[in-house]
Amino acid sequence: MSEKKLILKDPGSGKELELPVKESTIGPGAVDLGKLYRKLGYFSYDPGFLATASCASRITYIDGEAGTLLYRGYPIEQLAEKSTFIEVAYLLMYGELPDQEQLTSFQNIILHHTMLNENLKKFYGGFYHDAHPMAVMVGVVGSLSAFYHDSTDVENPRHREISAQRLVAKMPTIAAAVYKRTIGEPFMYPRNELSYCGNLLRMMFGVPCEEYEVDPLMERALDLLFILHADHEQNASTATVRQAGSSGADPFACVAAGIASLWGPAHGGANEAVLDMLAEIGDVKNIPKYIEMAKDKESGFRLMGFGHRVYKNYDPRAKIIRDVCHQLLNKMGNTHDPMFELALRLEEIALSDEYFIERKLYPNVDFYSGIIYRAMGLPNNMFTVMFAIARTVGWVAHWMEMMSDPAQKIGRPRQVYLGPGKRDYTGLDQR
Ligand code: SDX
């Protein structure tokens, strides 16, 4: 079949330009605008990248209208039900589901890289006692560049793999230490006989003076949350990691940049903002007032955990998390968690309101995840840290994909300049 082309005509010069279409395996293709400036003298303009493909990728596919999410072609619902986070990490990083030998080997590598350099722990003591955990995460993960620089030749595939594995392995240990710092308890060393999530639970909630029994229910719930949060195409933080990495920057520094972007309340910081919002709403009777505020642009208030740039249908992850919420709270005995009840009523009322229906604003992945983390005993300001642990897999998978592309270039967008034209300097006495 001949290559699809788009014909552009410049109304000013009457010039025409044929632009090739880059076809996809599923979903929309993209018009290759590479020649646009050279031939017609125009830039493309798409602030916020609402209709811009920044790259070609084989990792994750989202159909926002249908509410579909595929990791390397596998539906998120099937992975959530049948897989594990470590297996999903292998799938996202290497492209295929591992066989038993590959899975065992990968699991051993990850579990044997969980320890931190003892000197790195000194950083934690330098932060203010009430620093936000995400501020500490940005600092500590960025500092990995100062410790693990034996394998950071980004042109070397083996070095890239070692750095990626180190990041996936060490994030739980770093995050657990961030939490321990906030509560003034001693850091816990990882235990290699535990699972990825079992290790994290023990490092967060265990103490040196007694044995810690991993609750299989919490372990499975955490593993499932991590599967759902592992990757999501070119979201803001992944795009940040790609952009930082495009200059050949150190991989640990690139992931620190991704953590910084994820922290924003419009992105991964929303899970913390949801619980803060539910606490502010306080009671079902106040919901209508907040729904009205969310519809009033002047109020500056948004319903956190609602809406998504891509999903114009239910976020498939939100549906799965909502069910896990029900099961976990029931099994943990707090079936009437007021926050969960409030969240269910808020969802019900919002989804029957014309404003939300018209704008296709549905609950997203952040709407319910915080309720589970809270049920596990974590404070609100640790929720985005948990998101960062899981999303590290997506960040390193995209970084590896980008850096292994021989055609990879530094990302250097242009602009539409609206500032003053050229003018001469005037001395102070003339102003
Ligand atoms: C994540 O990109 C990803 O994939 C992200 C993520 C991932 O896995 O990486 O899925 C994780 O970040 C999920 C999103 C978490 N953020 C929140 O829950 C914060 C609240 N939601 C929003 O601020 C907003 O919906 C965004 C940021 C998520 C999406 O914003 P867009 O696509 O830029 O949409 P927009 O701001 O242009 O809004 C379109 C309309 C506007 O109204 P009109 O101007 O058309 O009248 O919808 C309104 C907005 O005012 N709107 C909301 C709203 N979200 C959008 N109104 C009230 N409450 C909201 N939450």
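Going by my numbering, 253 is the number at position 251 of the sequence shown; the sequence numbering is gapless.
The beta carbon of each residue, even a glycine, is placed where N, CA and C say it ideally should be.
Consult DSSP for Lys41 and reduce its assignment to one of helix, strand or coil. As a position in the sequence shown, residue 41 is number 39, starting the count at 1. Reduced to three states, the DSSP call for Lys41 is helix.
Sorry if obvious, but does the Cβ on Arg361 come closer than 7 Å to a heavy atom of the ligand SDX? Translated into positions along the sequence shown, residue 361 becomes position 359. Yes, the beta carbon of Arg361 sits closer than 7 Å to at least one heavy atom of the ligand SDX.
Alpha-carbon spacing of Pro408 relative to Asn273, whole angstroms: Counting from one through the sequence shown, the residue named residue 408 turns up at place 406. Counting from one through the sequence shown, the residue named residue 273 turns up at place 271. Going by the C-alpha atoms only, they are around 37 Å apart.
Helix, strand or coil: how does DSSP classify Pro365 here? Here the question's residue 365 lines up with position 363 in the sequence shown. Pro365: strand per DSSP, three-state reduction.
Three or more C-beta pairs closer than 8 Å, one from the segment 381-390 and one from the segment 317-332: is that the case here? no
Would you mind sorting Tyr370 into buried or exposed? The rule is 16 or more other CB atoms within 10 Å of its CB. Taking the sequence shown and counting its residues from 1, the one referred to as residue 370 is at position 368. By the 10 Å Cβ count, Tyr370 comes out buried.
Whole angstroms is fine: what's the gap from Val395's alpha carbon to Glu356's? Here the question's residue 395 lines up with position 393 in the sequence shown. Here the question's residue 356 lines up with position 354 in the sequence shown. Taking the straight line from one Cα to the other gives about 38 Å.
Are the CB atoms of Val156 and Gly250 within a distance shorter than 8 Å? Within the sequence shown, residue 250 is the residue found at index 248, counting from 1. Within the sequence shown, residue 156 is the residue found at index 154, counting from 1. Yes. Within cutoff.
Exposed or buried, what is Asp285 when buried is set at 16 or more other beta-carbons lying within 10 Å of its beta-carbon? In the sequence shown, counting from the first residue as 1, residue 285 sits at position 283. Label assigned to Asp285: exposed.
If you count every other CB in all the chains shown that lies within 10 Å of the CB of Pro30, and 16 or more means buried, which is it? Along the sequence shown, one-based indexing puts residue 30 at 28. With fewer than 16 other Cβ atoms within 10 Å, it is exposed.
DSSP beta-bridge partners of Ile9: On the sequence shown, position 7 is the one that residue 9 refers to. Under the DSSP definition of a beta bridge, Ile9 partners with Glu20.
Taking the beta strand (DSSP E) that Leu72 falls in, what are its first and last residues? Counting from one through the sequence shown, the residue named residue 72 turns up at place 70. Segment 70-73, the beta strand (DSSP E) holding Leu72.
Using a 10 Å radius around the Cβ and a threshold of 16 neighbouring Cβ atoms, would you call Leu52 buried or exposed? By one-based count along the sequence shown, residue 52 stands at place 50. By the 10 Å Cβ count, Leu52 comes out exposed.
Residues in its own chain within less than 8 Å of Met404 by CB, not counting five upstream and five downstream? Position 402 of the sequence shown, counting from 1, holds the residue named residue 404. Contacts found: Cys57, Arg244, Gly247, Ser248, Gln410.
Consult DSSP for Asp101 and reduce its assignment to one of helix, strand or coil. By one-based count along the sequence shown, residue 101 stands at place 99. Coil, per DSSP.
Going by the C-beta, is Ala238 closer than 7 Å to any heavy atom of the ligand SDX? In the sequence shown, residue 238 corresponds to position 236, counting from 1. Residue side-chain check: Ala238 places its Cβ nearer than 7 Å to a non-hydrogen atom of the ligand SDX.
Inspect the beta-carbon positions of Thr175 and Pro135 and report whether they are closer than 8 Å. Working through the sequence shown from its first residue, we reach residue 175 at position 173. Working through the sequence shown from its first residue, we reach residue 135 at position 133. Taking 8 Å as the Cβ cut-off, Thr175 and Pro135 do not qualify as a contacting pair.
When the distance is taken between beta carbons, is Val170 closer than 8 Å to Ala91? The sequence position of residue 91 within the sequence shown is 89, counting from 1. The sequence position of residue 170 within the sequence shown is 168, counting from 1. For Ala91 and Val170, yes; Cβs fall inside 8 Å.
Counted within 10 angstroms of its Cβ, other Cβ atoms place Glu221 as buried (16 or more) or exposed: Within the sequence shown, residue 221 is the residue found at index 219, counting from 1. With 16 or more other Cβ atoms within 10 Å, it is buried.
Under a three-way DSSP split, which group does Lys181 fall into? Taking the first residue of the sequence shown as 1, we reach residue 181 at position 179. What sits at residue 181 in the sequence shown is Tyr, not Lys. Of the three classes helix, strand and coil, the one that applies to Tyr181 here is helix, per DSSP.
Under the rule that 16 or more other beta-carbon atoms within 10 Å means buried, what is Leu224, buried or exposed? Reading the sequence shown from its first residue, position 222 is the one you call residue 224. The residue is buried, with at least 16 neighbouring Cβ atoms inside 10 Å.
Classify Phe45 as buried or exposed, calling it buried when 16 or more other Cβ atoms lie within 10 Å of its own Cβ. Taking the first residue of the sequence shown as position 1, residue 45 is located at position 43. Phe45 should be labelled exposed.
Below 6 Å CB to CB, which residues in the same chain sit around Met206 once its five sequence neighbours on both sides are set aside? On the sequence shown, position 204 is the one that residue 206 refers to. Here the set comprises Ala178, Tyr181.
Should Pro77 be listed as close to the ligand SDX, given that the test is whether its C-beta is under 7 Å from any heavy atom? Within the sequence shown, the letter at position 75 stands for residue 77. No; taking the cut-off as 7 Å, the Cβ of Pro77 has no heavy atom of the ligand SDX nearer than that.
Following the continuous alpha helix (DSSP H) through Thr240, name the residue where it begins and the one where it ends. Looking up residue 240 in the sequence shown gives position 238. Per DSSP, the unbroken alpha helix (DSSP H) holding Thr240 starts and ends at 238-247.
Could you check what DSSP says for Tyr370 in three-state terms: helix, strand or coil? On the sequence shown, residue 370 is found 368 positions in, with the first residue counted as 1. Here Tyr370 sits in helix by DSSP.
For Val209, the three-state DSSP class (helix, strand or coil): What you label residue 209 is simply residue 207 of the sequence shown in a count that begins at 1. It is coil, neither helix nor strand.
Between the beta-carbon of Leu71 and the beta-carbon of Ile78, is there less than 8 Å? As a position in the sequence shown, residue 71 is number 69, starting the count at 1. As a position in the sequence shown, residue 78 is number 76, starting the count at 1. Contact: yes.
What does the alpha-carbon distance come out to for the pair Tyr76 and Ala232? Working through the sequence shown from its first residue, we reach residue 76 at position 74. Working through the sequence shown from its first residue, we reach residue 232 at position 230. Those two C-alpha atoms are separated by around 13 Å.
Gly309 beta carbon less than 8 Å from that of Leu363: The sequence position of residue 363 within the sequence shown is 361, counting from 1. The sequence position of residue 309 within the sequence shown is 307, counting from 1. Yes, they are a contact pair.
Contact the segment 232-241 vs the segment 81-100: 3+ CB pairs below 8 Å: yes
Arg204 burial status per 10 Å Cβ neighbour count (16 or more: buried): Counted from its first residue, the sequence shown places residue 204 at position 202. Burial check for Arg204: the Cβ neighbour count within 10 Å reaches 16 or more, so the residue is buried.
Pull the bridge partners of Ile64 from the DSSP assignment, please. Looking up residue 64 in the sequence shown gives position 62. Bridge partners of Ile64: Leu71.
Mind checking whether the beta-carbon of Asp225 lies closer than 7 Å to any heavy atom of the ligand SDX? In the sequence shown, residue 225 corresponds to position 223, counting from 1. For the ligand SDX, not one heavy atom lies less than 7 Å from the Cβ of Asp225.
Whole-angstrom distance between Met173 and Ile391, CA atom to CA atom: Mapped onto the sequence shown, residue 391 falls at position 389. Mapped onto the sequence shown, residue 173 falls at position 171. So the alpha carbons of these two residues sit roughly 6 Å apart.
If you pair each beta-carbon of the segment 4-22 with each one of the segment 31-41, do three or more pairs fall below 8 Å? yes
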